[in-house]
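Novice: Following this message is one structure expressed as structure tokens.
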Amino acid sequence: MSGYTPDEKLRLQQLQQLRRRWLKDQELSSREPVLPPQRVWPMERFWNNFLRDQTPWKNVIYKAYRHSIFAFTHVLIPAWIIHYYIKYHVNGDTILETGEVIPPMKEFPDQHH
Numbered sequence: 139m140s141g142y143t144p145d146e147k148l149r150l151q152q153l154q155q156l157r158r159r160w161l162k163d164q165e166l167s168s169r170e171p172v173l174p175p176q177r178v179w180p181m182e183r184f185w186n187n188f189l190r191d192q193t194p195w196k197n198v199i200y201k202a203y204r205h206s207i208f209a210f211t212h213v214l215i216p217a218w219i220i221h222y223y224i225k226y227h228v229n230g231d232t233i234l235e236t237g238e239v240i241p242p243m244k245e246f247p248d249q250h251h
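Using our numbering, the final residue of the sequence shown is 251, and nothing's skipped along the way.
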């Protein structure tokens, strides 16, 4: 006996159709890929609208804003953290007039400050 049985032929035909349909589904249409809308923070939206016409004075204001944000986040906040640590966590105090170092207070295990 040679060839496929009618059931095998039907199954092969259905598999071929399924493969063709799957390959056709893989082709992207002109509307794909559909990307989610880009989320923009309110300040970024403001600056995008503000800088739309690219006038020089607006660029100067934007650069001043960016430099002030950089100075605040990279200079002032770290300086405040270092100052706080030194002020409250370094042992001993120094009297400025005499230079005398006052040792830290004795801590008692049963009391909290």
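Ideal Cβ positions, reconstructed from N, Cα and C, are used throughout, including at glycine. Just so it is clear, the structure is predicted and the values come from calculations on it, not from any experiment.
1. Going by DSSP, what residues sit across from residue 231 in a beta bridge?
2. Cutting at 8 Å between CB atoms, please list the residues of its own chain near residue 189, excluding the five before and the five after it.
3. How is residue 152 classed by DSSP in three states: helix, strand or coil?
4. Is residue 231 closer than 8 Å to residue 220 when the C-beta atoms are compared?
5. So the alpha helix (DSSP H) residue 183 belongs to, where does it begin and stop?
6. State the Cα-Cα distance for the pair residue 161 and residue 202, rounded to the nearest angstrom.
7. Does the distance from the C-beta atom of residue 150 to that of residue 142 stay below 8 Å?
8. Measure the C-alpha to C-alpha separation of residue 173 and residue 179 and round it to an integer number of angstroms.
9. Counting along the chain, where does the alpha helix (DSSP H) carrying residue 210 start and finish?
Specialist: Put simply:
1. The count along the sequence shown starts at 1 and reaches residue 231 at position 93. For residue 231, which the question treats as bridged, DSSP gives the partners 240.
2. Counting from 1 along the sequence shown, the entry for residue 189 is found at position 51. Excluding residues within five positions, the ones whose Cβ falls inside 8 Å are 196, 197, 200.
3. Locating residue 152 in the sequence shown gives position 14, where the first residue counts as 1. Judged by DSSP in its simplified three-state form, residue 152 adopts helix.
4. Taking the sequence shown and counting its residues from 1, the one referred to as residue 220 is at position 82. Taking the sequence shown and counting its residues from 1, the one referred to as residue 231 is at position 93. Residue 231 sits away from residue 220, with the two beta carbons spaced by 8 Å or more.
5. Position 45 of the sequence shown, counted from the first residue, corresponds to residue 183. Run containing residue 183: 180 to 188, per the alpha helix (DSSP H) assignment.
6. Working through the sequence shown from its first residue, we reach residue 161 at position 23. Working through the sequence shown from its first residue, we reach residue 202 at position 64. Their backbone Cα atoms lie some 55 Å apart in a straight line.
7. The residue you call residue 150 lines up with position 12 of the sequence shown. The residue you call residue 142 lines up with position 4 of the sequence shown. Yes, the Cβ-Cβ distance between residue 150 and residue 142 is below 8 Å.
8. Locating residue 173 in the sequence shown gives position 35, counting from the first residue. Locating residue 179 in the sequence shown gives position 41, counting from the first residue. Cα to Cα, residue 173 sits roughly 18 Å from residue 179.
9. By 1-based counting over the sequence shown, the position of residue 210 is 72. It is not in any alpha helix (DSSP H) - residue 210 carries neither H nor E in the DSSP assignment.
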